[in-house]
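Visitor: One gets the working numbering by counting positions in the sequence shown from 1 and adding 18 to each.
The C-beta atom is built at its ideal place from N, Cα and C for all residues, glycine as well.
The structure under discussion is supplied below as structure tokens; questions concerning it will follow.
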Amino acid sequence: MESCRLYYNDTLFEASRLELALPEEFVLLEKLGQCHLKADVYEHHKLLKLLPRRLQPQMLSQITEEKVVETQIELCQRNCEFSGFFRKHLSSAEFRHGLICLIRAESEGKVTQEEAENMCRTAFGRIQIICCRSLQTELWLKKQPLPNTAAETGVYVKQERQGCIFYLQHSDMDHMNIFEVCGTLAREINHLLGTYLGHTTYWCVHSSSSPGTEIPEEWHDALDMNILNNFEEGEYVGYHSNGKYIYAVIVEELPGNSGQFTQRYKIDIGHEEAIEVSFLDLYQFKREKQPTISTCLELQLVEDATRDSSSLQSTRCSPASIEEAKKEIDKCLNEIWTLPKEERQKAIKRLYLRWHPDKNPDCSLIAAEAFKHLKYRIDELTNGKRKSTASTSTSFKSTGSTSTGSRSTGFTSSSSKATGSRSTGEAKRWCRQAQCDLSAAYNDVGKGSTEWCLFKVHQAVEKSLIAASYRNNGKQPNCSSISALASKVSSYSPQLSGLSQLVRDLIALDVDAKKTQYPTYHSFPNIPNGQFRSANERRALDKASEILTLVETYVNH
């Protein structure tokens, strides 16, 4: 086939997401990383551009685009904290002053102070931020949507003639998510300013992520060592070597290693040739996602096993029974004990993280039993039939403390009766205060202070959800909104699965901790008093009462 009739994937989309959806008539150029060239896609692109134009393959970026799936958009509540964070900083005097200084410095003073101020005023007047609870995009080919390419995303930018719209997926102020949004904002603001701050690719995350460079410490918590990870060719990963974590690119999976812990890969770390490494030295970049309502017995349909490695992981992470979990553990340990001592320790570390109850909130009961079995079997294999609780505890603490992404969790055994008793007692304490708050809310019904009634409902529900968290794992959650709390708590037990919908109903009734208290959340000259419908009082109290009853049943079970 003539080279000019081939297609080259120069897009920024996930390769499998696009390539698997292409019609048969789109024949792709062979991956140049498999043709005695280094796995550097930017170098490949540069080499292809050196060909005479008549011989160059067609670029997929010229005929493909990504669009938001508007039918799937679920808008967030007005004035939410997440979108407010970005609006506040974009409109701050400090941010604009810094940007003006950058523009003038980049132009070496050729742009005047007044011109720079006008540029900023024009740019920020053309930026619209829309926060969404649900946000999906899909790929389009030649102005037509490609089937089976819809995927959830955290940020989407829609370019318009007079500016751009930023669609953000609502988050609980997770620093990784904020970093991603800030990077996208930087690129688009620079574009609106006419790229005065240098070439737009300077803003790209990979500009500082060349293979072989050290991964910044603030990204270490995003490195995931799950034993179920799958790595695809061309994927950016973390590689642990000589006590450091560095960026690497997967070149290929080496054949002949069928075992889960014996898999080996060739990776590019910036050397002339790719190096061969163990699966146990590789880490996947993962952003923490909000848990979804699920139970250990639910099944998820996977249309294509190669489409997304993180999706594949999620379909296999929760066993259906304790016996199934024990079988998986025994199978893993049989394989692990054939490894050299150093490799064995790495594998055990990952196995601990795989089964620790704190890492399996959606099926904590199964995980707790599986974790006990894991510790018993490791003692058995290490010391024969003699149980050695102290050695197991020491081994576990040492492996947990050195594992990436688990430092802040602090893995220590929490299965003692004393700890369980304290957790249940603390949960009941929060439940009692939640009931007091709800009683106080009932006292405000029909008194002309609807904002106070709704505020107290919010406080009651928040404390109730915190109680459920104490009952489940013995600690207070770090979520900043009742919707995020409910999403997390609803995964603890099937009997709590309806919490998220109940909280959404409350939010629709204007139950909010800030709008009910602060005038800044209302247009001038209004204040919270008088801005809420008194008819919502009883409805909100009924919903809140239902939530407290569900949680108390769970706590006392």
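Whether or not the segment 229-239 and the segment 143-150 are in contact is what I'm after, with contact meaning three or more pairs of Cβ atoms, one per stretch, closer than 8 Å; do they touch?
Guide: Contact fails between the segment 143-150 and the segment 229-239, because fewer than three Cβ pairs, one in each stretch, are under 8 Å apart.
Visitor: So, residue 210 versus residue 148, is the Cβ gap smaller than 9 Å?
Guide: Numbered from 1 along the sequence shown, position 192 holds the residue referred to as residue 210. Numbered from 1 along the sequence shown, position 130 holds the residue referred to as residue 148. Not closer than 9 Å, so no.
Visitor: At what residues does the beta strand (DSSP E) containing residue 266 begin and finish?
Guide: As a working note, residue 266 is residue 248 in the sequence shown. First-last of the beta strand (DSSP E) with residue 266: 262-271.
Visitor: What's the C-alpha gap between residue 518 and residue 254?
Guide: Translated into positions along the sequence shown, residue 518 becomes position 500. Translated into positions along the sequence shown, residue 254 becomes position 236. For residue 518 and residue 254, the distance between alpha carbons rounds to 35 Å.
Visitor: How many Å lie between residue 459 and residue 200 at the Cα?
Guide: For the purposes of this step, residue 459 is identified with residue 441 of the sequence shown, where counting begins at 1. For the purposes of this step, residue 200 is identified with residue 182 of the sequence shown, where counting begins at 1. If you take the alpha carbons of residue 459 and residue 200, they lie about 40 Å apart.
Visitor: Buried or exposed: which applies to residue 551, given that a residue is buried once 16 or more other Cβ atoms fall within 10 Å of its Cβ?
Guide: In the sequence shown, residue 551 corresponds to position 533, counting from 1. With fewer than 16 Cβ atoms within 10 Å of its Cβ, residue 551 is classed as exposed.
Visitor: Kindly indicate which three-state DSSP category residue 542 falls into: helix, strand or coil?
Guide: In the sequence shown, residue 542 corresponds to position 524, counting from 1. In the structure shown, residue 542 sits in coil (DSSP, three-state: anything other than H, G, I, E or B).
Visitor: The alpha helix (DSSP H) that contains residue 103, what's its start and end?
Guide: Numbered from 1 along the sequence shown, position 85 holds the residue referred to as residue 103. Unbroken alpha helix (DSSP H) run through residue 103: 99-108.
Visitor: For residue 282, list the residues DSSP reports as bridge partners.
Guide: The residue you call residue 282 lines up with position 264 of the sequence shown. Beta-bridge pairing links residue 282 to 296.
Visitor: Name the DSSP bridge partner or partners of residue 287?
Guide: Working through the sequence shown from its first residue, we reach residue 287 at position 269. Under DSSP, residue 287 forms no beta bridge with any residue.
Visitor: Between which two residues does the alpha helix (DSSP H) containing residue 477 stretch?
Guide: Position 459 of the sequence shown, counted from the first residue, corresponds to residue 477. 468-491 is the extent of the alpha helix (DSSP H) around residue 477.
Visitor: From which residue to which residue does the beta strand (DSSP E) around residue 159 run?
Guide: Sequence index remark: in the sequence shown, residue 159 carries index 141 (1-based). Residues 154-159.
Visitor: Using a 10 Å radius around the Cβ and a threshold of 16 neighbouring Cβ atoms, would you call residue 494 buried or exposed?
Guide: By one-based count along the sequence shown, residue 494 stands at place 476. Residue burial annotation: residue 494 is exposed, with fewer than 16 other C-beta atoms found within 10 angstroms of its C-beta.
Visitor: Considering only the alpha carbon of each residue, which of 297, 85, 544, 398 lies closest to residue 357?
Guide: Here residue 357 corresponds to residue number 339 of the sequence shown, with the count starting at 1. The shortest C-alpha separation from residue 357 is found at 297.
Visitor: Leaving out the 5 sequence neighbours to the left and right, which residues in its chain are closer than 8 Å to residue 275 when beta-carbon positions are compared?
Guide: Sequence index remark: in the sequence shown, residue 275 carries index 257 (1-based). Correct list, in chain order: 281, 282.
Visitor: DSSP has residue 175 in a bridge; who is on the other side?
Guide: Stepping through the sequence shown from its first residue, residue 175 is reached at position 157. Its beta-bridge partners are 184.
Visitor: Count the other CB atoms, across all protein chains shown, that sit within 10 Å of the CB of residue 445; report buried if there are 16 or more and exposed otherwise.
Guide: Translated into the one-based positions of the sequence shown, residue 445 becomes position 427. With 16 or more Cβ atoms within 10 Å of its Cβ, residue 445 is classed as buried.
Visitor: Going by DSSP in three states, residue 151 sits in which element: helix, strand or coil?
Guide: Looking up residue 151 in the sequence shown gives position 133. Looking at residue 151 - three-state DSSP - the assignment turns out to be strand.
Visitor: What are the partner residues of residue 582, as DSSP defines its beta bridges?
Guide: With the chain represented from 19 up to 575, any question about residue 582 goes unanswered, as that position is not in the structure.
Visitor: To the nearest angstrom, how far is it from the Cα of residue 124 to the Cα of residue 229?
Guide: Here the question's residue 124 lines up with position 106 in the sequence shown. Here the question's residue 229 lines up with position 211 in the sequence shown. Here the C-alpha atom of residue 124 lies approximately 29 Å from the C-alpha atom of residue 229.
Visitor: My understanding is that residue 569 touches residue 529, with C-beta atoms under 8 Å, so please give their C-beta distance in whole angstroms.
Guide: Position 551 of the sequence shown, counting from 1, holds the residue named residue 569. Position 511 of the sequence shown, counting from 1, holds the residue named residue 529. So it is not a contact: roughly 16 Å between Cβ atoms.
Visitor: Taking the alpha helix (DSSP H) that residue 571 falls in, what are its first and last residues?
Guide: In the sequence shown, the residue the question calls residue 571 occupies position 553. Segment 554-574, the alpha helix (DSSP H) holding residue 571.
Visitor: I need the DSSP call for residue 134, collapsed to helix, strand or coil.
Guide: Taking the sequence shown and counting its residues from 1, the one referred to as residue 134 is at position 116. Helix.
Visitor: Please classify residue 256 as buried or exposed, where buried requires at least 16 other C-beta atoms within 10 Å of its C-beta.
Guide: Here residue 256 refers to the residue found at position 238 of the sequence shown. Residue 256 is buried by the Cβ-count criterion.
Visitor: For residue 478, which residues of its own chain have a beta-carbon under 7 Å away from its beta-carbon, when the five flanking residues on both sides are left out?
Guide: Translated into positions along the sequence shown, residue 478 becomes position 460. 452, 455, 456, 459, 562, 566, listed in sequence order.
Visitor: Using the rule of at least 16 other Cβ atoms within 10 Å of the residue's Cβ for burial, across every protein chain shown, is residue 448 buried or exposed?
Guide: Residue mapping note: residue 448 aligns to position 430 of the sequence shown, counting from 1. Buried.
Visitor: Tell me whether residue 359 sits in a helix, a strand or coil according to DSSP, three-state version.
Guide: Reading the sequence shown from its first residue, position 341 is the one you call residue 359. Reduced to three states, the DSSP call for residue 359 is helix.
Visitor: Am I right that residue 76 and residue 66 are in contact with their C-beta atoms under 8 Å? What's the rounded C-beta distance?
Guide: For the purposes of this step, residue 76 is identified with residue 58 of the sequence shown, where counting begins at 1. For the purposes of this step, residue 66 is identified with residue 48 of the sequence shown, where counting begins at 1. So it is not a contact: roughly 11 Å between Cβ atoms.
Visitor: Hey, would you say residue 509 sits closer than 9 Å to residue 516, going by beta carbons?
Guide: In the sequence shown, counting from the first residue as 1, residue 509 sits at position 491. In the sequence shown, counting from the first residue as 1, residue 516 sits at position 498. No, these two residues do not count as a Cβ contact at 9 Å.
Visitor: Taking its Cβ as the centre, do 16 or more other Cβ atoms sit within 10 Å of residue 538, making it buried, or is it exposed?
Guide: Taking the sequence shown and counting its residues from 1, the one referred to as residue 538 is at position 520. Using a 10 angstroms sphere on the CB of residue 538, the tally of other CB atoms stays under 16, which defines it as exposed.
Visitor: Rounded to whole angstroms, what is the Cα-Cα separation between residue 272 and residue 70?
Guide: Within the sequence shown, numbered from 1, the residue matching residue 272 stands at position 254. Within the sequence shown, numbered from 1, the residue matching residue 70 stands at position 52. Those two C-alpha atoms are separated by around 36 Å.
Visitor: Quick check on DSSP: helix, strand or coil for residue 338?
Guide: Locating residue 338 in the sequence shown gives position 320, where the first residue counts as 1. Residue 338: coil per DSSP, three-state reduction.
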